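Novice:
Residue numbers (the working numbering): 302 to 378.
1) Starting from residue 334 and walking both ways along the beta strand (DSSP E), at which residues does that stretch end?
2) Give every residue of the same chain whose Cβ lies closer than 6 Å to the Cβ of residue 362, excluding the five residues on either side of it in the sequence, and list them in chain order.
3) Just to confirm the assignment, what range does the beta strand (DSSP E) spanning residue 318 have?
4) Would you decide whether residue 329 is buried or exposed? Buried here means 16 or more other CB atoms lie within 10 Å of its CB.
5) Within 10 angstroms of its Cβ, does residue 371 collect 16 or more other Cβ (buried), or is it exposed?
6) Any idea which residues DSSP pairs residue 371 with across the strands?
7) Taking Cβ positions, are residue 367 and residue 316 nearer each other than 8 Å?
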């Protein structure tokens, strides 16, 4: 799966994308847990996960060939 990082998450990880192999479909919640294992510095960060350009709930399914994006909350002013 291709993972895209934006805003604060991109700055923390110092990368805009990476590829993570998953062999079978996983829920968004499982993907979030996997990303926290790969990048413990994200554990305390809030972000939404979009799957193929659509925001998805925690029970949404991610396929091995999907593109996901981690998008932190946007603040205005």
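The beta-carbon is built from N, C-alpha and C at its ideal position, and this holds for glycine as well. Remember, it's a predicted structure, so these values are computed and weren't measured experimentally.
Specialist: Quick answer:
1) In the DSSP assignment, residue 334 falls outside any beta strand (DSSP E) and within the unbroken alpha helix (DSSP H) covering 329 to 339.
2) Take residue 362, set aside five residues on each side of it, and the residues of its chain with a beta-carbon closer than 6 Å to its own are 326, in chain order.
3) It spans 318 to 320 - the beta strand (DSSP E) in which residue 318 sits, taken as one unbroken run.
4) With 16 or more other Cβ atoms within 10 Å, it is buried.
5) Under this definition residue 371 is a buried residue.
6) In the DSSP assignment, residue 371 forms a beta bridge with 306 and 350.
7) Residue 367 is not a Cβ neighbour of residue 316, given a cutoff of 8 Å.
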